[in-house]
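Novice: Line order of the protein sequences matches chains A and B. Position in the first sequence (from 1) plus 1 gives the number in the numbering used here. Position in the second sequence (from 1) plus 1 gives the number in the numbering used here.
2 protein chains.
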Amino acid sequence: MSETDTHVIHALDADDPLSHYRDKFFHGDSDLIYLDGNSLGRLPRATMNYMRNIVTNQWGDSLIRGWRSGWMDLQEKLGNKIAKIIGANEGEVIVADSTTVNLYRLALAAVMHQAKDHRTRIVTDNLNFPSDVYVFQGISNIIKGSRVEIIPSTDNLHGPVTEISRALDDHTALLSLSHTVFKSGYTYDMTELTAQAHAAGALVLWDLSHSAGALPVDLRKSRADLAVGCCYKYLNGGPGAPAFLYVRRELQEQLLNPLTGWFSQENMFEMELDYKPTSGIRRFTSGTPPVLAVSAIEPSLDIFLEVGMEAIWKKSLGLTDLFIHLFDQHLAPLNFRLNSPRNPKYRGSHISLGHDEAWRINQALISEMNVLPDFRPPDNIRLGFAPLYTSYVDVYTAVMRLRQVVTEKRYENYSQEKTDVT
Amino acid sequence: MSETDTHVIHALDADDPLSHYRDKFFHGDSDLIYLDGNSLGRLPRATMNYMRNIVTNQWGDSLIRGWRSGWMDLQEKLGNKIAKIIGANEGEVIVADSTTVNLYRLALAAVMHQAKDHRTRIVTDNLNFPSDVYVFQGISNIIKGSRVEIIPSTDNLHGPVTEISRALDDHTALLSLSHTVFKSGYTYDMTELTAQAHAAGALVLWDLSHSAGALPVDLRKSRADLAVGCCYKYLNGGPGAPAFLYVRRELQEQLLNPLTGWFSQENMFEMELDYKPTSGIRRFTSGTPPVLAVSAIEPSLDIFLEVGMEAIWKKSLGLTDLFIHLFDQHLAPLNFRLNSPRNPKYRGSHISLGHDEAWRINQALISEMNVLPDFRPPDNIRLGFAPLYTSYVDVYTAVMRLRQVVTEKRYENYSQEKTDVT
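#1: Drop a sphere of 10 angstroms on the beta-carbon of N363(A), count the other beta-carbons inside from all chains shown, and report buried for 16 or more, exposed for fewer.
#2: Against chain B, which members of the stretch 281-313 of chain A pass a CB distance test of less than 8 Å?
#3: L227(B): which of G385(B), P240(B), L104(B), S392(B) sits nearest, CA to CA?
#4: Could you check the C-alpha separation between M49(B) and I55(B) for me, to the nearest Å?
#5: Does I87(A) come out as helix, strand or coil in the three-state DSSP assignment?
#6: Give the list of continuous alpha helix (DSSP H) stretches no shorter than 4 residues that lie fully inside the stretch 347-399 of chain B.
#7: If contacts are defined as beta-carbon pairs under 8 Å, then A225(B) and V205(B) qualify, I think. What distance do you get, rounded to the angstrom?
#8: In the DSSP output, which residue or residues are listed as bridge partners for W263(B)?
#9: Does the structure place the stretch 259-273 of chain A close enough to the stretch 112-125 of chain B that three or more beta carbon pairs sit under 8 Å?
#10: Between the beta-carbon of V406(B) and the beta-carbon of L327(B), is there less than 9 Å?
#11: Please list the terminal residues of the continuous alpha helix (DSSP H) segment that includes R221(B).
#12: Going straight from the alpha carbon of L158(A) to that of F130(A), what length do you get?
#13: Tell me whether P388(A) counts as near the ligand MG, meaning its Cβ is closer than 8 Å to at least one heavy atom of that ligand.
#14: Report yes or no: is there a C-beta of chain B within less than 9 Å of the C-beta of A200(A)?
#15: Name the residues in the stretch 63-82 of chain B whose C-beta lies less than 8 Å from a C-beta of chain A; which are they?
#16: Any beta-carbon of chain B closer than 9 Å to the one on W360(A)?
#17: With respect to the alpha helix (DSSP H) encompassing G230(A), which residues constitute its N-terminal and C-terminal limits?
#18: Nearest to S179(B) by CA position, among P18(B), P161(B), T398(B), is which residue?
#19: How about V372(A) and L36(A): are their beta carbons less than 9 Å apart?
#20: Taking Cβ positions only, does R43(A) come closer than 9 Å to chain B?
#21: Under the three-state reduction of DSSP, which class applies to I144(A): helix, strand or coil?
#22: Would the beta-carbon of G1(B) fall within 9 Å of that of L252(B)?
#23: Name the two residues that bound the continuous beta strand (DSSP E) containing L206(A).
#24: Could you please tell me which residues of the stretch 206-222 of chain B, in chain order, have their CB closer than 9 Å to any CB of chain A?
#25: With a 10 Å radius around its C-beta and 16 neighbouring C-beta atoms as the bar for buried, classify H211(B) as buried or exposed.
#26: Figure out for me which residue from G319(B), V229(B), T192(B), L128(B) has the closest Cα to the Cα of D1(B).
#27: Check for me: the alpha helix (DSSP H) holding S166(A) runs from which residue to which?
#28: By the criterion of Cβ-Cβ separation under 8 Å, what are the contact partners of S99(B) in chain A?
#29: Step through the CB atoms of chain A and report whether any lies within less than 9 Å of the CB of F130(B).
#30: Please name the residue in S265(A), V136(A), A108(A), L274(A) whose C-alpha comes closest to that of P153(B).
#31: For L256(B), which residues from the same chain have a beta carbon less than 6 Å from its beta carbon, with the 5 sequence-adjacent residues on both sides left out?
#32: Between Q76(B) and the rest of its own chain, which residues show a CB-CB distance below 7 Å, the 5 nearest in sequence each way excluded?
#33: Report the CB separation of N39(B) from G385(B) in whole angstroms; it is logged as a contact under 8 Å.
#34: Within 10 angstroms of its Cβ, does N268(B) collect 16 or more other Cβ (buried), or is it exposed?
#35: Under the assumption that A89(A) contacts R284(A) (Cβ atoms under 8 Å), give the Cβ distance between them as a whole number of angstroms.
#36: Any Cβ of chain A within less than 9 Å of the Cβ of F270(B)?
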């Protein structure tokens with residue numbers, strides 16, 4: 002790339018209306034090109050002081066009184082903030098447990114509801130995150146007659162939309178997909194698939210883990226029934242941050258949370274022994290929430306609400322467009338493959354690169370070049386672009402360092418044995 | 002109480018080998034008599050710096066690399082520390098999710114395992130924590146033919162041991178009880194009840210929430226099958242801290258976790274689509290753990306391991322003995338009732354006081370006297386004695402302030418309407 006080109010890249014950052022948000026995040030090592038915000042978002046600077054206050058003033062000073070002065074409503078308060086990020090209404094989203102537990106709870110609730118009409122089949126695809134598929138397999142072991150149908154993608158990159166549509170029938174209880182799939186970043190048309198499932202009488206459950214905070218999601222417009230998602234990726238809620246769940250308002254009274262517990266009990270402090278599910282989104286919670294971990298999510302959510310998802314999506318497209326442009330110029334000639342959609346309509350905010358030496362290149366990139374992507378088998382170097390803190394210069398530098406690893410054959414010093422994949 | 006008596010009380014603190022542990026906890030308001038460590042344990046001073054390090058150095062600096070440098074083994078590492086506190090073996094305990102989710106997971110696993118022998122009934126008692134009963138009711142709605150039998154206590158104070166024993170038969174899948182019950186603090190003989198359940202062919206699941214960190218538990222000796230417990234009470238893990246679960250080693254390969262997820266998958270990063278449960282205690286986890294909240298538990302556990310449960314139990318007995326002695330002298334004459342066992346063999350580390358004006362007395366105590374117990378319907382003022390930081394002077398002062406609320410009729414200024422019960 003010529004000097005003219007680098008000038009262009011710097012101009013992109015100079016013109017970026019979100020560029021000053023980069024400093025709202027902690028950067029311990031300023032040379033590190035961090036491209037794994039889709040696995041663990043960076044630490045917002047505001048969260049550092051916020052957590053000091055939660056630990057010392059709230060836990061330390063308020064002690065048990067903390068429940069009356071905020072903790073009891075924390076899950077709903079943050080849920081309502083997330084609702085604005087994913088196009089849901091107030092009272093339709095709540096923060097609770099892990100994505101896996103939430104998925105289990107909502108999928109089992111849906112299957113138990115639909116079983117009354119002899120619908121027990123769960124339809125998903127082979128691009129879905131494996132943990133989601135494990136949850137469905139677990140449910141099919143619990144509910145008599147239930148089974149999971151995994152629709153394969155023809156190219157392991159694009160969603161098998163037509164095949165899914167064909168698989169939906171009057172035995173289908175639930176269609177559940179990752180909105181943005183974890184490897185290729187392919188993003189489904191939520192409105193289209195939801196309508197097809199509804200036409201077949203099925204409920205729909207979207208996993209928004211790789212979408213929330215990266216691209217616009219409109220649960221309201223798409224008429225989605227159920228959704229879950231992760232707060233530790235683009236939402237920057239901290240390692241393993243508690244997740245969120247969404248239940249469309251009209252469904253809240255129809256479904257029963259199978260994972261009953263006192264936080265979903267009507268008048269929980271009356272301590273009655275008969276379970277009476279409360280109304281509203283709280284009905285889909287179970288036990289006491291981990292206040293420290295839930296609290297840590299809030300400062301980042303406030304940044305999202307300030308910026309708005311349209312500006313974030315625009316920046317995301319700018320970053321992935323630039324990456325694909327540089328890929329064609331510098332990486333395709335070195336036998337890298339683009340394992341993500343070129344069409345921006347189907348593109349998430351992360352891009353997977355394939356290469357016959359992907360595993361060794363990934364190791365060299367981390368160990369020698371201070372670029373931090375992640376790796377997904379069999380041959381995907383996955384690069385996440387977090388619009389709030391990834392710069393255009395980051396994208397450019399990452400491509401240059403990737404190129405250098407291959408042209409200088411630096412990967413040859415690394416083992417082909419796959420270990421420590423996280 | 003005479004001056005001679007207060008001299009005796011101060012001497013108890015002076016002779017207390019645990020007295021210097023009090024300063025290892027944060028005391029924002031030094032006049033506060035905090036008697037709710039059985040609901041939310043105090044903040045260990047060490048946790049304050051520890052959490053600063055977890056947030057800034059681990060999340061902020063290590064970013065995704067934190068998983069390889071400790072987070073991945075965190076649940077098992079802390080589980081092994083808790084194992085020493087509750088008399089379990091290495092590899093039998095893990096920190097995960099909430100007590101409710103863990104109870105659901107293990108109880109459902111047990112019922113599904115036992116259903117093969119036509120055992121689907123869950124036996125519990127009416128002293129159990131309501132959330133536990135809700136979990137069993139939820140499970141009985143999922144598993145065909147399953148039902149919950151709630152054995153009543155005759156005096157709502159002591160466990161109905163004989164009646165439970167009689168209820169165990171060849172339809173019983175599971176006996177599940179709170180080891181120390183949440184209202185009266187009655188504590189079951191774990192070895193005796195476990196043996197009775199085993200004789201009837203049932204599995205046993207103990208909820209240790211009000212025992213762990215307060216009194217000696219010996220899961221090994223008692224041959225207990227399953228257990229769950231809370232880390233935010235005596236274990237001082239922070240508000241809503243993630244919970245723990247225990248599965249006896251020999252049962253680990255026999256039971257299947259119904260709440261399947263990638264953290265319980267064999268070789269989770271190979272991202273295979275077929276669920277293959279891993280071996281060991283990890284098999285009973287599901288999704289990504291909330292690292293910040295899990296980490297916060299560790300500094301307190303290290304204090305427990307340093308002190309040992311025998312010393313803690315000795316101090317607990319000293320505190321409750323003193324309280325009962327002062328109760329007889331000062332509170333019984335004011336129409337307070339002791340709603341907890343006098344026999345130390347059946348006594349936990351919290352004591353419930355009944356009174357016809359309990360609700361109003363409790364309000365006055367909190368608002369005017371700076372004593373913080375909690376309240377459990379219908380008429381229990383519940384006083385928790387946390388051996389690591391409750392002093393003998395605290396116990397004495399609490400009794401004197403309780404007495405003052407009644408003799409000066411201070412409670413009469415408060416409403417009888419029950420609100421904000423936490």
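Backbone N, C-alpha and C fix where the C-beta goes; we use that ideal spot for every residue, glycine too.
Specialist: With the given structure in hand:
#1: buried
#2: S287, G288, T289, P290, P291, V292, L293, A294, V295, A297
#3: L104(B)
#4: 10 Å
#5: coil
#6: 359-370
#7: 6 Å
#8: DSSP lists no partner for W263(B).
#9: no
#10: no
#11: 220-223
#12: 13 Å
#13: Although the ligand MG was asked about, the structure shown includes no ligands whatsoever.
#14: no
#15: L64, I65, R66, G67, W68, R69, W72, M73
#16: no
#17: From DSSP, G230(A) is part of no alpha helix (DSSP H) but of the beta strand (DSSP E) over 227-230.
#18: P161(B)
#19: yes
#20: yes
#21: coil
#22: Not covered by the structure: residue 1(B). The range shown for chain B is 2 to 423.
#23: 204-208
#24: none
#25: buried
#26: This structure cannot speak to residue 1(B), because chain B is shown only from 2 to 423.
#27: 162-168
#28: D98, G262, S287, G288, T289, P290, P291
#29: yes
#30: L274(A)
#31: A110, H114
#32: I95, V96, A97, T286, P290, V295
#33: 3 Å
#34: exposed
#35: So it is not a contact: roughly 16 Å between Cβ atoms.
#36: yes
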